[in-house]
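S.K.: Residue numbers (the numbering used here): 38 to 295. Just so you know, even glycine gets a beta-carbon here, dropped at the ideal spot from N, CA and C. Sharing a structure here in structure tokens format.
See the structure below:
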């Protein structure tokens, strides 16, 4: 499949084709349909899987699905207890959702790079990008959602006046109010930007390497694809973990009332 694409458009054409989303609309109103479909499908899969584990939960000898679900819940709960110092019933479920959902979206990168786009072409789809986290719109949508929660809890815990004082008077006191405000605004805006760009950049680069491997002769593909896939499992897990932990830390900072 890579050879056919290479023959028709060269290596650059093959890469551009695979990185072009299935979209509709123009300009600001462009909607990436493949990103919405795969992220929604994986989110529904996550909910179904955990609902199934909960419905089959038993106080006796647990099954494999229950064991795995409990292991994930305990792992996330430990991270929340270590990093979050406030009181909120939302943080642990949010952290679990972020970790599993981001991991599942990242995991799509391990499918053969030509398989799902080829199946899509059989259904008449010209483009199909199957890894939602290689779409900057998806990673920024998640990070902006976290940013909204940061602002919400900052105002809820500290009050409008308290949050305003934090923006205006820290860290250098009231005499440097404009400088304080500039620093705090940059600090707050940097949180969603760093969250979104870190996840996007790592997964985009990983997907690009898979495409470059697919353009090699068959012996090069066999030699490099498996080792890179094994290493990439670590990357996709680590990126899901980092996104979750930073979300917990940022929300913990929002809950701090000085």
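For a test of the three-state rule: what should DSSP assign to residue 168, helix, strand or coil?
M.R.: coil
S.K.: Between the C-alpha atoms of residue 194 and residue 124, what's the straight-line distance to the nearest angstrom?
M.R.: 10 Å
S.K.: Applying the 10 Å Cβ sphere with the 16-neighbour rule, what's the burial state of residue 231?
M.R.: By the Cβ-count criterion, residue 231 is exposed, with fewer than 16 other Cβ atoms from all chains shown falling within 10 Å of its own Cβ.
S.K.: Please name the residue, chosen from 239, 102, 81 and 50, that lies closest to residue 274 on a Cα-to-Cα basis.
M.R.: 239
S.K.: Look at the alpha carbon of residue 115 and the alpha carbon of residue 220, and state the distance between them as a whole number of angstroms.
M.R.: 32 Å
S.K.: Which whole-angstrom value is the C-beta distance of residue 177 and residue 233, which I expect to be below 8 Å?
M.R.: 4 Å
S.K.: Considering only their Cβ atoms, is the gap separating residue 183 from residue 251 smaller than 7 Å?
M.R.: Against a cut-off of 7 Å, the Cβ pair of residue 183 and residue 251 comes out as no contact.
S.K.: Could you compute how far the alpha carbon of residue 133 sits from the alpha carbon of residue 281?
M.R.: 8 Å
S.K.: Could you spell out where the alpha helix (DSSP H) holding residue 146 opens and where it closes?
M.R.: Careful: residue 146 lies outside any alpha helix (DSSP H) and carries neither H nor E.
S.K.: Label residue 138 either buried or exposed according to how many other C-beta atoms from any shown protein chain fall within 10 Å of its C-beta, with 16 as the threshold for buried.
M.R.: buried
S.K.: Report the rounded CA-to-CA distance for residue 263 versus residue 247, giving the unit in angstroms.
M.R.: 10 Å
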